[in-house]
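Report on one structure; see the data block that follows.
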Amino acid sequence: MKFFHTFFLIIISSIGFSQQHVVEPFLPNIVKQFPNVRDVTISPNGDEIMLTAQSVNGNLSAIIHLKKESNSWGNPQIASFSGKYFDLEPCFSPDGLKLYFVSTRSLTSDSNKPKDFDIWYVERQSLNANWSEPKNMGSPINTEHGEFYPSIALNGNFYFTRDDTNIKRKDDIYFSKYNNGQYAEPKALSASINSEGYEYNAFIAPDESYLIFGSYNRTDSYGSGDLYISYKTKTLWSKAENMGDIINSSKMDYCPFVDTKTNTLYFTSKRDNTKILLDDPLNIEELIAELNRYNNGSSRLYRISFEKL
């Protein structure tokens, strides 16, 4: 726990953050095949990736599966359970035998009429087996409101986002305790994390020592949605801190995922470094290259390593 706490304290401090640790594109040749890629999860054994690919306007959304072949990533494929409905935000269970995700699919297979956002899951008998048909998590996780971005700790405790219009707030992050194979009634996390605004996309550390999440347009924001971190003590969560301008940009930064085996933080960003102040006119090749640069304002995947901190 102390190691992770030290790492993130260094990240959120502009003084002492090593210049060799920079944000870099993740899977650029694969990600650039899609108009937008908005989230990513990596299997516990490191051999599989699930990510969400979306249309330009975000009205078409499917989960993409990548599998490692001879130490390199194979061609992207639509996950066996996706491609027909609006699916997003996959999350592997700690043993890799379940995959949670969000969908607007109907509760019955004989209807294509979308419902509100619910958390679903698929499961498999072994890491090489096929995924089952999707199953809705049901109550008490899912309600008549929207549920999003599942994240699960090693002990099974479940964290997610809920948009509960009954309490006249924006999105909040909820927690459901796992006990004897059952999930308890979810509770919104404290005001150290949740506010009157939007809190979303929470990644829980495997040991629940910290929570990284997105929040929109706070007073200490760098311009839009930023990533924040809160630490768990014996009795409460610490006041969330902005993770700083190495990670956060003036655009939307969201959907965090930490691979603790490789000590890498992955996240999504709409950062835009398009060159618009030009000394000389662009030729057509230069214009196309600039329009198609990785950090052009589209949702892209990024990562930053902290293994040498």
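With the numbering used here, letter number 275 in the sequence shown gets 275, and the count goes up by one each step, no holes. Glycine included, C-beta positions come from ideal geometry on N, C-alpha and C. Fair warning: this is a prediction, and the values are worked out from it, not measured in the lab.
By DSSP's criteria, residue i is part of a beta bridge. Which residues make up the other side?
i: residue 141; result: DSSP output for residue 141 lists no bridge partner at all.
i: residue 214; result: 200, 227
i: residue 272; result: 296
i: residue 238; result: In DSSP, residue 238 forms no bridge with anything.
i: residue 36; result: 54
Could you tell me the alpha carbon to alpha carbon distance between residue i and residue j, rounded to whole angstroms?
i: residue 54; j: residue 233; result: 38 Å
i: residue 200; j: residue 275; result: 31 Å
i: residue 257; j: residue 265; result: 6 Å
i: residue 115; j: residue 104; result: 5 Å
i: residue 143; j: residue 288; result: 46 Å
i: residue 1; j: residue 193; result: In this prediction, residue 1 scores a pLDDT of 47, lower than 50, which makes its location untrustworthy; the coordinate-derived value is nonetheless stated afterwards. If I take the Cα positions, the gap works out to 19 Å.
i: residue 80; j: residue 96; result: 16 Å
i: residue 304; j: residue 212; result: 14 Å
i: residue 157; j: residue 283; result: 55 Å
i: residue 78; j: residue 190; result: 37 Å
i: residue 14; j: residue 242; result: In this predicted model, residue 14 has a pLDDT of only 36, less than 50, meaning its place in the structure is not dependable enough to derive any value.
i: residue 160; j: residue 280; result: 49 Å
Excluding sequence positions up to five away, which residues of its chain have a Cβ less than 6 Å from the Cβ of residue i?
i: residue 137; result: 119
From the options, pick the residue whose C-alpha is nearest to that of residue i; which is it?
i: residue 205; options: 50, 58, 260, 304; result: 260
i: residue 292; options: 22, 100, 150, 35; result: 35
i: residue 39; options: 250, 149, 127; result: 149
i: residue 58; options: 225, 226, 37, 31; result: 37
Is residue i near the ligand SAH, going by C-beta to nearest heavy atom under 7 Å?
i: residue 95; result: Judged by which ligands are present, the structure shown has none, so any question about the ligand SAH falls away.
In three-state DSSP terms, what is residue i?
i: residue 208; result: coil
i: residue 161; result: strand
i: residue 25; result: strand
i: residue 133; result: coil
i: residue 184; result: coil
i: residue 71; result: coil
i: residue 59; result: coil
i: residue 152; result: strand
i: residue 189; result: coil
i: residue 263; result: coil
When the cut-off is 8 Å and only beta carbons count, does residue i lie next to chain C?
i: residue 182; result: Here there is only one protein chain, and chain C is not present.
Go through its chain and collect everything with a Cβ distance to residue i's Cβ below 7 Å, but skip five positions before and after it.
i: residue 28; result: 294
i: residue 222; result: 245, 248, 249, 250
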